[in-house]
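Undergrad: Residue numbers (my numbering): 590 to 1136.
My structure is below; once you've seen it, I'll send some questions.
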């Protein structure tokens, strides 16, 4: 059946759907008791004002109810009169009373930015100040959310979520809660861009959830839908429940499985089309311990499909891709719980109904296998290449180099990457080092290889004498420190070629005192020493003489 024929059929039955929608949401509807003492509402005969029916708790008096639930201008006496209660003292736990919604306390209830990613900002309604998109920020009536390349996920006081897509502008016009009744009045305005919502079922009577665009308005009572506004065109896509949608004052109920479009240039026309059905996907394991994994679906003739992955707790998007194939790999997901959706796309790129499943990703990092340099190897390059092999296809790794086997202090490292080789982040001075590879999987599982020793060849700088002091028959020598040296070898000779050594000693400091025979000439030199097998050079000799 063609979309035009479907639209015509829908338009013929829409008046009937609208009548059913209005009957189900009318002021005389009554809900059963749900959570705690909260119940639906019922209006007295001949009175059309919306009400809430409340069940008294054990030991709760009518005056306590008035104090806890009613606005200050209403009293327990008025409540008793409204319910035709002659003696409030006779009330007991479980008795139900009727409370007009207009009498309930109303309080602003902020929304919470539960997750954010990419570029965007918040504009405060009070003073126009702009703040960055940051998770846990509180948003109040009048505030605005503007996304650029980013996404923002809002959670409202009743648990409903609103996801703001990139390049969107959302204004929070009203965020009101009716005391403890569980009823909310939420009104948003989408200036441009797109939002996706998951609205909690609303308590009948006074609850309200609306999103307005420049050309249309959407009113819901508990559903999933997305709304897009661009260049005077508003497009609704309903995936669960029913949404009253259309130009202001001329809304019609749009059921799940349909999209509807309003164009400001033709405001009287409501274009309704059936969405593609949910694809038949192969189920994934409930828990994934290795990635990537392939998600496949049956060929349904759609020109393309869209794969989306959301954080199951916040509803924030993690991944969104489109493909013309009938499968796609899932990889590089951190450990956590996710909701995975696959939708067929129409020729104009509108996603249809989604097949959905939840998965737990529980990856365990595995220690890499070191390849080169070999254990105890000697290398002549101060920027040697280190190589290893990963044992999983969904890991990142980094190189760590230290002078200590316990890696208490790092000398060099590399960036986290999927690579299996790396150069140190800076040249290595001659000496012995230890290196290892640290792997990470799922964002919080880490494994390390055993440390492996490597020696970097080189020549220690010569130790240069910088000062000589004479005191009687004693001379004190001072020399320059060599950073990579552990000790110094001092030689005292009677000839400048140091063939006739008079004294040789290992010194741990950069100064030494020598007692000389007056009237004789001596020569002194030093060489830096290292614990590693490094070549070293003698510093230049200096002549010593005491008269």
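Idealized CB from N, CA, C, for every residue including glycine.
Given the structure is predicted, the values throughout are model-derived calculations rather than measurements.
#1: Would you kindly check if the distance between the Cβ of residue 1074 and the Cβ of residue 1117 is under 8 Å?
#2: Report the three-state DSSP secondary structure of residue 582 (helix, strand or coil).
#3: Go to residue 852, then tell me how far its beta strand (DSSP E) extends in each direction, as first and last residue.
#4: Measure how close the beta-carbons of residue 928 and residue 945 come, nearest whole angstrom, since I'm counting them as under 8 Å.
#5: In its own chain, which residues sit with a C-beta less than 8 Å from the C-beta of residue 752, not counting the 5 before and 5 after it?
#6: On the three-state DSSP scale, how would you describe residue 692?
#7: When you compare the CB positions of residue 982 and residue 1050, do they come within less than 8 Å of one another, or not?
#8: Is there at least one Cβ from chain C nearer than 8 Å to residue 914's Cβ?
#9: Please report the straight-line C-alpha distance between residue 804 and residue 747, rounded to a whole angstrom.
#10: With residue 1110 and residue 1132 assumed to form a contact (beta carbons below 8 Å), what rounded beta-carbon distance in angstroms separates them?
#11: Tell me, please, which residues DSSP counts as bridged to residue 814.
#12: Going by beta-carbon coordinates alone, are residue 566 and residue 675 separated by less than 8 Å?
#13: Here's the rule I'm using: 16 or more other beta-carbon atoms within 10 Å means buried, otherwise exposed. How should residue 766 be labelled?
#14: Out of curiosity, what's the CA-to-CA distance linking residue 1120 and residue 1044?
#15: Taking C-alpha atoms, which residue in 714, 1084, 995, 750 lies nearest to residue 899?
#16: So what's residue 654 in DSSP terms, helix, strand or just coil?
#17: Return the chain-ordered list of same chain residues with a C-beta closer than 6 Å to the C-beta of residue 801, the five sequence neighbours on each side being excluded.
#18: May I ask which residues mark the beginning and end of the beta strand (DSSP E) holding residue 870?
#19: Under the assumption that residue 987 contacts residue 1027 (Cβ atoms under 8 Å), give the Cβ distance between them as a whole number of angstroms.
#20: Sort 853, 976, 663 by Cα distance to residue 961 and report the nearest one.
#21: Can you confirm whether the stretch 861-877 touches the stretch 660-680 when touching is taken to mean that 3 or more C-beta pairs between the two stretches lie within less than 8 Å?
#22: Quick one: Cα of residue 864 to Cα of residue 831, how far?
#23: Look up residue 679 in the DSSP assignment and say whether it is helix, strand or coil.
#24: Helix, strand or coil for residue 760 per DSSP?
#25: Give me the Cβ distance between residue 724 and residue 702, rounded to the nearest whole Å; I'm assuming they're in contact under 8 Å.
#26: Would residue 957 and residue 980 be called neighbours here (beta carbons separated by less than 8 Å)?
#27: If you pair each beta-carbon of the stretch 654-661 with each one of the stretch 715-735, do three or more pairs fall below 8 Å?
#28: Return helix, strand or coil for residue 932, following the three-state DSSP convention.
#29: Can we say the stretch 818-831 touches the stretch 845-857, given the rule of at least three CB pairs closer than 8 Å?
#30: Grouping DSSP H, G and I as helix and E and B as strand, with all else coil, what is residue 635?
TA: According to the structure data:
#1: On the chain shown, position 528 is the one that residue 1117 refers to. On the chain shown, position 485 is the one that residue 1074 refers to. Between residue 1117 and residue 1074, the C-beta gap is smaller than 8 Å, which places the two residues in contact.
#2: This structure does not reach residue 582, given that the chain is present from 590 up to 1136, and the question cannot be answered.
#3: In the chain shown, the residue the question calls residue 852 occupies position 263. 847-852 is the extent of the beta strand (DSSP E) around residue 852.
#4: Within the chain shown, numbered from 1, the residue matching residue 928 stands at position 339. Within the chain shown, numbered from 1, the residue matching residue 945 stands at position 356. With a Cβ gap of about 6 Å, residue 928 and residue 945 count as contacting.
#5: As a position in the chain shown, residue 752 is number 163, starting the count at 1. 740, 741, 742, 743, 784, 785, 786, 904, 905, 906.
#6: Walking along the chain shown from the start, residue 692 turns up at place 103. Helix, per DSSP.
#7: In the chain shown, the residue the question calls residue 982 occupies position 393. In the chain shown, the residue the question calls residue 1050 occupies position 461. It is not a contact, given that the beta carbons lie outside the stated cut-off.
#8: Although the question refers to chain C, the structure presented lacks it and comprises just one protein chain.
#9: Stepping through the chain shown from its first residue, residue 804 is reached at position 215. Stepping through the chain shown from its first residue, residue 747 is reached at position 158. When rounded, the distance between both Cα atoms is 27 Å.
#10: To locate residue 1110, count along the chain shown from 1; it is residue 521. To locate residue 1132, count along the chain shown from 1; it is residue 543. So it is a contact: roughly 6 Å between Cβ atoms.
#11: Within the chain shown, numbered from 1, the residue matching residue 814 stands at position 225. Beta-bridge partners assigned by DSSP to residue 814: 786, 827.
#12: The shown model of the chain, from 590 to 1136, leaves out residue 566, and the question about it has no answer.
#13: Position 177 of the chain shown, counted from the start, is the residue given in the question as residue 766. The residue in question, residue 766, is buried, as its Cβ has 16 or more Cβ neighbours within 10 Å.
#14: In the chain shown, the residue the question calls residue 1120 occupies position 531. In the chain shown, the residue the question calls residue 1044 occupies position 455. Their backbone Cα atoms lie some 11 Å apart in a straight line.
#15: Locating residue 899 in the chain shown gives position 310, counting from the first residue. When each option's Cα is compared against that of residue 899, the closest is 750.
#16: Start at 1 with the first residue of the chain shown, and residue 654 comes out as number 65. Look at residue 654 here: in three-state DSSP terms it is helix.
#17: As a first step, residue 801 is located in the chain shown; it is residue number 212 there, counting from the start. Answer for residue 801: 778, listed in chain order.
#18: The residue given as residue 870 occupies position 281 in the chain shown. Neither: residue 870 is in no beta strand (DSSP E) and is coded neither H nor E.
#19: Working through the chain shown from its first residue, we reach residue 987 at position 398. Working through the chain shown from its first residue, we reach residue 1027 at position 438. That belief holds up - the Cβ atoms of residue 987 and residue 1027 are roughly 6 Å apart, short of 8 Å.
#20: The residue labelled residue 961 in the question sits at position 372 within the chain shown. Of 853, 976, 663, the smallest CA-CA separation from residue 961 is found for 976.
#21: With a cut-off of 8 Å, the stretch 861-877 and the stretch 660-680 do not count as touching, because too few Cβ pairs lie within range.
#22: Within the chain shown, residue 864 is the residue found at index 275, counting from 1. Within the chain shown, residue 831 is the residue found at index 242, counting from 1. Between residue 864 and residue 831, the C-alpha separation is close to 14 Å.
#23: Counting from 1 along the chain shown, the entry for residue 679 is found at position 90. Residue 679 carries a helical assignment under DSSP once its states are collapsed to helix, strand and coil.
#24: As a first step, residue 760 is located in the chain shown; it is residue number 171 there, counting from the start. Correct three-state label for residue 760: strand.
#25: Taking the chain shown and counting its residues from 1, one reaches residue 724 at position 135. Taking the chain shown and counting its residues from 1, one reaches residue 702 at position 113. 6 Å between Cβ atoms; contact.
#26: Here residue 957 corresponds to residue number 368 of the chain shown, with the count starting at 1. Here residue 980 corresponds to residue number 391 of the chain shown, with the count starting at 1. Yes, the Cβ-Cβ distance between residue 957 and residue 980 is below 8 Å.
#27: They do not touch, by the three-pair rule.
#28: Residue numbering aside, residue 932 sits at position 343 when the chain shown is read from its first letter. Strand, per DSSP.
#29: The stretch 818-831, when compared against the stretch 845-857, does touch it at the 8 Å Cβ threshold.
#30: The residue you call residue 635 lines up with position 46 of the chain shown. Its pLDDT being 37, under 50, residue 635 is placed unreliably in this model, and the coordinates cannot settle the point.
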